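Residue numbers (my numbering): 199 to 585.
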């Protein structure tokens, strides 16, 4: 069927030209335009979003693949296009407009957010529609604009659920100085729930190639890193999310040095020594993070010079119920014990020989047993040299 004979849904029209999208792209504000139209807008010297009139600190254009695919379906199917689609999408668009409206009160926005949350929980099939209308960048924009703790607690779960579908590009708006400052302030003043959610957000940023540059920027923000390390020191439920975030940030080698300078080693050591059975997995993650940063000389020095540092690694060598963390502990001990007499003495005093023998008698993997044997041989050969 010819497009001229079909009624073009509003969602498929560029807000500037009012024509059918040919190459839809989304701004950091969450608004979608046809590429040629928005580029002409920029070429005229405009540095704002035409719909919201917000100043654009990040003018990057993110292709809206979901919307492009949907338009292709519409063009191919004509009258056979699912008539229920617009019935589904229109209420979602109304909710998005309500959130973006400058006239909406905080209470009204909270009510709309609750509606979105319920919609996603009860009808997960609606989540792709929410992504198609550009809800994620709108929510991120709101999160670092309102800075209200109650609002942030409602926003963050919705953002994390939408991000689970792999839409990360809109998070690059955090590269704006004001948005990064808002992230830090929200983390500093937020509740434990907000801190946990922001740690998961940082973990997602660190895992995506789309946001690699943003991950590096977060790794240079000393205030934020200091707060995350302090969170680990608290040994609370939120500490687990903090450890996951730190491990994710350590994927970039450039972030490790700054984290070590902020006291990461002592925080992780304290967490491991205080961890109980229910926190076994997080203790293993903490040990993996220590292993990750031990390529830095300062990290080795801090682990050895911390009165409990080597002891924490020894504790993780063998645990009765599982071997999570054993390999990271062995690798860490091999790194520090090879060159340091002090580390070897600390390991032996902490009972590493008993731990290694128990590990070798357990049902651990062949690789772990090989590393345990290597550490035993290292300790013995170094001991013989010193006699």
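Just so you know, even glycine gets a beta-carbon here, dropped at the ideal spot from N, CA and C. On a predicted model such as this, the values are computed, not experimentally measured, just so you know.
Beta-carbon separation of residue 463 and residue 501 under 7 Å? yes
Check the C-beta distance from residue 335 over to residue 228 and give it rounded, since I have them as a contact under 8 Å. 4 Å
I need the straight-line Cα distance from residue 435 to residue 358, nearest angstrom please. 18 Å
Taking CB distances under 7 Å as the criterion, tell me whether residue 521 reaches chain D. No chain D is present in this structure, which holds just one protein chain.
Terminal residues of the beta strand (DSSP E) in which residue 536 lies: Looking at the DSSP string, residue 536 is not in any beta strand (DSSP E), and its letter there is neither H nor E.
Nearest to residue 506 by alpha carbon, out of 490, 536, 543, 524? 543
For the beta strand (DSSP E) that contains residue 257, what are its first and last residues? Note, residue 257: premise wrong, no beta strand (DSSP E); not H, not E.
Count the other CB atoms, across all protein chains shown, that sit within 10 Å of the CB of residue 240; report buried if there are 16 or more and exposed otherwise. exposed
Need the endpoints of the alpha helix (DSSP H) that residue 552 sits in, please. First-last of the alpha helix (DSSP H) with residue 552: 550-558.
Rounded to whole angstroms, what is the Cα-Cα separation between residue 342 and residue 369? 11 Å
Meets three-Cβ-pair contact criterion under 8 Å: the stretch 294-313 and the stretch 259-275: no
CB residue 347 to CB residue 388, shorter than 7 Å? In this structure, residue 388 lies closer than 7 Å to residue 347 by Cβ.
Where in the stretch 337-410 do unbroken runs of the alpha helix (DSSP H), each at least 4 residues long, occur, reported from the N-terminal end onward? 347-361, 375-387, 390-405
So is residue 398 buried or exposed if we call it buried at 16+ other beta carbons inside 10 Å? buried
The alpha helix (DSSP H) enclosing residue 319, as first and last residue numbers: 304-320
Distance between residue 292 and residue 413 (C-alpha atoms, nearest Å): 33 Å
Can you say whether residue 232 is buried or exposed, counting buried as having 16 or more other CB atoms within 10 angstroms of its CB? Counting the other Cβ atoms within 10 Å of the Cβ of residue 232 gives 16 or more, which makes it buried.
Going by the CB atoms, is the gap between residue 385 and residue 428 shorter than 7 Å? Against a cut-off of 7 Å, the Cβ pair of residue 385 and residue 428 comes out as no contact.
Residue 526 and residue 515 closer than 7 Å at C-beta: For residue 526 and residue 515, no; Cβs fall outside 7 Å.
Residue 294 and residue 325 - do their beta-carbons sit closer together than 7 Å? Their beta carbons are not under 7 Å apart, which means residue 325 does not touch residue 294 by this criterion.
Span of the alpha helix (DSSP H) holding residue 230? Counting along the chain, residue 230 falls outside any alpha helix (DSSP H), though it belongs to the beta strand (DSSP E) covering 230-232.
Across which residues does DSSP place residue 223 in a beta bridge pair? 231, 261
Decide if residue 536 is buried, meaning its Cβ has at least 16 other Cβ atoms within 10 Å, or exposed. exposed
Mapping the DSSP letters down to three states, classify residue 205 as helix, strand or coil. coil
Per-residue burial, residue 473 [other beta carbons within 10 Å of its own, 16 or more giving buried]: buried
If residue 339 and residue 371 are in contact, beta carbons under 8 Å, what's the gap, nearest whole angstrom? 7 Å
Helix, strand or coil at residue 246 according to DSSP, with G and I counted as helix: strand
Give the secondary structure of residue 568 by DSSP, where H, G and I count as helix, E and B as strand, and everything else as coil. helix
Whether residue 532 touches residue 573 by CB criterion (7 Å): Yes. Within cutoff.
Residue environment, residue 496, which counts as buried when at least 16 other CB atoms sit within 10 Å: With a threshold of 16 other beta carbon atoms within 10 Å, residue 496 falls short and is exposed.
Sequence-distant residues of the same chain with beta carbon closer than 8 Å to residue 286, five excluded per side: Only 324, 327 meet the Cβ criterion.
Skipping 5 residues on each side, what residues in its chain have a beta carbon closer than 7 Å to that of residue 215? Shown here for residue 215: same chain residues with a beta carbon closer than 7 Å to its own, the five before and five after excluded, namely 232, 235 in chain order.
Could you tell me the alpha carbon to alpha carbon distance between residue 403 and residue 579, rounded to whole angstroms? C-alpha of residue 403 to C-alpha of residue 579: approximately 45 Å in a straight line.
Where residue 493 falls, given that 16 or more other Cβ within 10 Å makes a residue buried: exposed
Sheet register partners of residue 211 (DSSP bridge): Residue pairing from DSSP places residue 211 in a beta bridge opposite 218.
Look at the alpha carbon of residue 441 and the alpha carbon of residue 430, and state the distance between them as a whole number of angstroms. 6 Å
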